[in-house]
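Below is one structure, written out as structure tokens; comments come after it.
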Amino acid sequence: MAARAPLFFSRKRGADGSRQALRASRHGAVGEPAPIHPHLFRHARVRQIIRATHSLPLAQRQAGWARLQTAYLTVSDDDARRLMQEVLE
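What follows is the structure, given as structure tokens:
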């Protein structure tokens, strides 16, 4: 990994299929480091549990949430394509 290479990438890819740095924000331009807080890793772990197990109750229990905070749950483009292929016509 290059010294100035972005650690986090957008889920979207460039026209050539390359990974894209996160978009510009109030914290800086594209590719500039943004503040990272430990709480972001907590939500990333919950998303990882859901993608691996497909169990919302397990993710809720592991996070210690009284109710599931669905605002933090996302489906990647690849997951959406795969899931839609499983839907019967």
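Residues 25 to 113 (the numbering used here) are what the sequence shown spells out, left to right.
We treat Cβ as the ideally placed atom computed from N, Cα and C, and that holds for glycine.
- Comparing alpha-carbon positions, the option among A26, Q109, L64, D101 lying closest to A87 turns out to be L64.
- DSSP places R85 in the helix class (H, G or I) of the three-state scheme.
- In terms of CA proximity to R106, R75 leads the group A39, R71, R75.
- If you draw a 10 Å sphere on the C-beta of A83, you find 16 or more other C-beta atoms in it, and that means buried.
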